[in-house]
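Start counting the sequence shown at 1; every next residue gets the next number (full-length UniProt numbering). For glycine and all other residues, C-beta sits at the position ideal for the given N, C-alpha and C.
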Amino acid sequence: MTSDSLASLADLQTEQRNAKTAQIDTVSTLELCQIINDQDQGVAAAVKLCLPEIARAIDLVVPRIATGGRVVYIGAGTSGRLGVLDASEIPPTFSAPPSQFVGLIAGGDGALRTAVEGAEDSETLAAEEIAARLESQPLGRNDVVIGIASSGRTPYVLGGLRYAKSVGAATVGLACVQPSQMRETGLCDVLIECVTGPEVLTGSTRLKAGTATKMILNMISTGSQVRTGKTFGNLMIDLQMSNEKLRDRARRVLRTVVSPAGILAAHRVDEDAEVDSLLAGCDGSVKLSILVAMSGLSPDQARLVLQKSGGMLSKALRSVDQQKI
1 MTSDSLASLA DLQTEQRNAK TAQIDTVSTL ELCQIINDQD QGVAAAVKLC LPEIARAIDL
61 VVPRIATGGR VVYIGAGTSG RLGVLDASEI PPTFSAPPSQ FVGLIAGGDG ALRTAVEGAE
121 DSETLAAEEI AARLESQPLG RNDVVIGIAS SGRTPYVLGG LRYAKSVGAA TVGLACVQPS
181 QMRETGLCDV LIECVTGPEV LTGSTRLKAG TATKMILNMI STGSQVRTGK TFGNLMIDLQ
241 MSNEKLRDRA RRVLRTVVSP AGILAAHRVD EDAEVDSLLA GCDGSVKLSI LVAMSGLSPD
301 QARLVLQKSG GMLSKALRSV DQQKI
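Here it is, written out as structure tokens:
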């Protein structure tokens, strides 16, 4: 790293000393917690200022994942870990393919637990890791790479964004400083610069910057799943019933939608046995079970209606209602 690079790093908002936390080592434990909590209050406000850009990022993602594209998060350290965390939550929550959201951290999965020295300083490593992870179906025009770097200047992330642009993939940058080097490079189709300011501990971006990053990734992944029909209102109708808690939630979701229809519903869902039988007949799909229960269609017929409706349950239900008229 050159002296010029170090100088620019020292100028970042996240590297400045926070006057409001300068005495944090001299206060009581309760006061320490109050200081950190007070600082955290500003994070949601900082994210709020970025909502237009976050919405643009979601709108960039939706048509791509709806047609088989992928979202690839890349980051180093905390940024990388948060990307991996968010990506790993999508399959069980929304029954999305494991390849739809991919999280890559500089240095590979081992870096999730142990720092890999120098990995974030490589401008070529991200391209190599993306190519290795997506070997069977290389990154292309229908994919989105989201580069996460609190500093907005991490070489691993910038190199990955540059590689993504070179193969025609869409790009989103997420930084916690402004103006960022991401902006200067012009590598991002959408750039989110969420200014969280000086950290509680100088330069420790796992704190406020990390919290903001988690909130923004939550919005991008959740928003894109809502937009592609993975919910009915705020109900998760595509969850995977991988444990008893989720099986119980699936029953409750199904009842919440079907029970108000009362005698108009084609299937009764009063008893767990009735719900479980319906779910079993629909291969565990809550969404399909709801459509079958509400319409009286067979599972195969309901699948076709859902396919024609782009996987949107509300649209499928309207379609069935119109056919009955």
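Reference residue i; option with closest CA among the options
| i | options | result |
| --- | --- | --- |
| Gln34 | Lys20, Leu297, Gly296, Tyr156 | Lys20 |
| Val286 | Asp238, Gly140, Arg255 | Asp238 |
| Arg133 | Thr114, Ala106, Ser151 | Ala106 |
| Ser122 | Arg113, Leu139, Gly159 | Gly159 |
| Asp59 | Gly233, Ser289, Gly223, Lys245 | Gly223 |
| Thr78 | Ser259, Gly203, Leu235, Ser136 | Gly203 |
| Leu291 | Ala273, Asp270, Ser319 | Ser319 |
| Ala76 | Arg303, Cys194, Pro138, Arg153 | Arg153 |
| Gly284 | Tyr156, Phe94, Met312, Pro155 | Phe94 |
| Met219 | Arg17, Gln323, Ala44 | Ala44 |
| Cys194 | Thr205, Gln178, Arg206 | Gln178 |
| Ala119 | Leu313, Ser309, Pro155 | Pro155 |
Straight-line gap, residue i to residue j (C-alpha atoms, nearest Å)
| i | j | result |
| --- | --- | --- |
| Ser3 | Gln13 | With a pLDDT of only 40 at Ser3, under the threshold of 50, the placement of this residue in the model should not be trusted; the figure read from the coordinates follows. Each residue's Cα considered, the two are about 18 Å apart. |
| Val172 | Ala164 | 10 Å |
| Val84 | Ala170 | 19 Å |
| Asp38 | Glu53 | 26 Å |
| Gly108 | Thr228 | 30 Å |
| Lys315 | Ala250 | 21 Å |
| Ala212 | Leu317 | 37 Å |
| Thr256 | Gln100 | 29 Å |
| Val269 | Glu129 | 48 Å |
| Thr185 | Ser295 | 53 Å |
| Leu187 | Ala57 | 14 Å |
| Glu271 | Leu279 | 13 Å |
| Arg81 | Leu112 | 6 Å |
| Pro98 | Gly69 | 12 Å |
| Met182 | Asn243 | 42 Å |
| Val157 | Ala209 | 16 Å |
| Ala293 | Val190 | 42 Å |
| Asp25 | Ser88 | 36 Å |
| Ala96 | Ile90 | 6 Å |
| Gly168 | Tyr73 | 16 Å |
Which of helix, strand or coil DSSP assigns to residue i
| i | result |
| --- | --- |
| Leu201 | coil |
| Met219 | helix |
| Val292 | helix |
| Ser3 | Below a pLDDT of 50, predicted positions are generally treated as unreliable, and Ser3, at 40, falls in that range; the measurement from the model is reported next regardless. Ser3: helix per DSSP, three-state reduction. |
| Thr171 | strand |
| Val275 | helix |
| Val320 | helix |
| Leu9 | helix |
| Thr228 | coil |
| Thr114 | coil |
| Asn37 | helix |
| Ala96 | coil |
Range covered by the alpha helix (DSSP H) that runs through residue i
| i | result |
| --- | --- |
| Val62 | 51–65 |
| Thr26 | It is not in any alpha helix (DSSP H) - Thr26 carries neither H nor E in the DSSP assignment. |
| Leu254 | 244–258 |
| Thr124 | Unbroken run through Thr124: none, as it is neither H nor E. |
| Val305 | 299–308 |
| Met182 | 181–185 |
Range of the contiguous beta strand (DSSP E) that encloses residue i
| i | result |
| --- | --- |
| Gly233 | Per DSSP, Gly233 belongs to no beta strand (DSSP E) and is neither H nor E. |
| Leu104 | 101–105 |
| Glu193 | 190–193 |
| Gly75 | 71–75 |
Residue i: CB within 7 Å of a non-hydrogen atom of the ligand PLP
| i | result |
| --- | --- |
| Gln225 | The ligand PLP is absent from the structure shown, which contains no ligands of any kind. |
Closer than 8 Å to chain D by CB, residue i
| i | result |
| --- | --- |
| Leu291 | The displayed structure is made up of one protein chain only, and chain D is not part of it. |
message: Quick check for students: name the residue ranges of the alpha helix (DSSP H) that lie wholly in the stretch 130–178, counting only runs of 4 or more.
response: 155–166
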